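Trainee:
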Amino acid sequence: MAIERTLSIIKPDAVAKNVIGQIVARFEGAGLKVAAAKLVHLSRAEAEQFYAVHAARPFFKDLVDFMVSGPVFIQVLEGEGAIQKNRDLMGATDPKKAAPGTIRADFAESIDANAVHGSDAPETAAVEVSFFFPGMNVYAR
Ligand code: ATP
Ligand code: MG
Numbered sequence: 001m002a003i004e005r006t007l008s009i010i011k012p013d014a015v016a017k018n019v020i021g022q023i024v025a026r027f028e029g030a031g032l033k034v035a036a037a038k039l040v041h042l043s044r045a046e047a048e049q050f051y052a053v054h055a056a057r058p059f060f061k062d063l064v065d066f067m068v069s070g071p072v073f074i075q076v077l078e079g080e081g082a083i084q085k086n087r088d089l090m091g092a093t094d095p096k097k098a099a100p101g102t103i104r105a106d107f108a109e110s111i112d113a114n115a116v117h118g119s120d121a122p123e124t125a126a127v128e129v130s131f132f133f134p135g136m137n138v139y140a141r
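So, in C-alpha cells, the structure goes:
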C-alpha cells in the first residue's frame with residue numbers, strides 16, 4: 001500500500017474537552033505520523049468553503065455554526081494507507097453507530113459534535129491538505 005497524506009481536524013468539541021493529545025496518540029499508535037499541524041479558530045467563510053460539498057444539505061448551517069464555535073486542531077497525517085486508516089480510527093459519522101474503541105465512540109457526543117473530521121478519498125485529501133496547508137503536496141514523496 002502507498003504512503004499517503006490525509007487531512008484530520010480535531011473539532012471544537014474535542015478541543016474543548018482537552019483530548020487533543022489522546023486523539024493524536026490514537027493516530028501515532030496506529031502508525032500514522034503528524035506531518036503538519038496547527039490550532040486555529042476558523043472563520044465562517046473558511047468553514048463554509050471547507051464543507052462546500054454539503055452546502056445544500058439541511059444540516060449545513062448547524063455544521064458551520066459548530067465548526068466556528070471554538071478552535072480546531074488541523075493536521076496532515078502521513079503513512080501507509082493513511083486515508084482509510086484515519087477513517088477506520090474515527091468510526092462512523094454518528095457516534096451512536098461508531099464501533100467500540102473508535103475515536104467517535106470514545107470522545108463524541110452527537111452527529112453534530114462528532115470530535116473529528118477526516119478526508120474520505122485521495123481526491124478530497126489533496127484538496128483539503130492544500131486548503132489548510134497551501135503549497136504542501138498530498139504526496140509524501
Ligand atoms: P467529516 O466530513 O466531518 O469527516 P463524515 O465524512 O463522517 O464527517 P459527512 O457525510 O462528510 O460525514 O458529513 C460532514 C459532517 O456533517 C459530519 O461530520 C456531521 O457532523 C454532519 N452531518 C452529516 N450528516 C448529518 C446528518 N444527517 N445530520 C446532522 N449532521 C450531519
Ligand atoms: Mg466527510
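Numbering (full-length UniProt numbering), first residue to last: 1 to 141.
Glycine included, every Cβ here is placed at the ideal spot set by N, Cα and C.
Since we're looking at a predicted model, the values are computed, not measured.
1. Examine the ligand MG and report whether any of its heavy atoms sits within less than 7 Å of the Cβ of D120.
2. On a CA-only basis, which of L63, R87, V68 is nearest S110? Give me that one, please.
3. For a minimum of 4 consecutive residues, which ranges assigned as the alpha helix (DSSP H) are wholly contained in the UniProt domain "Nucleoside diphosphate kinase-like" (3 to 140)?
4. Quick one: measure Cβ to Cβ for S130 and L77, integer angstroms, because I've assumed they're closer than 8 Å.
5. For a test of your reading of the model: does the CB of T6 fall under 7 Å from any non-hydrogen atom of the ligand ATP? Yes or no.
6. Who are the near neighbours of A36 in its chain, counting only those whose CB is closer than 7 Å to its CB and skipping five residues on each side?
7. L63: beta carbon under 7 Å from a heavy atom of the ligand ATP?
8. Excluding the 5 residues flanking E128 on each side, which residues of the same chain have their C-beta closer than 6 Å to its C-beta?
9. Are V72 and P12 closer than 8 Å when you measure CB to CB?
10. Check the C-beta distance from residue 166 over to D112 and give it rounded, since I have them as a contact under 8 Å.
Mentor: Once the coordinates are examined:
1. yes
2. Checking every option, the nearest Cα to that of S110 belongs to L63.
3. 12 to 16, 20 to 29, 44 to 50, 60 to 67, 82 to 90, 103 to 107, 122 to 132
4. Between L77 and S130 the Cβ distance is about 15 Å, and since that is not below 8 Å, they are no contact.
5. For the ligand ATP, not one heavy atom lies less than 7 Å from the Cβ of T6.
6. Q75, V76, F133, M136
7. yes
8. L7, S119
9. yes
10. There is no way to answer for residue 166, as the model of the chain reaches only from 1 to 141.
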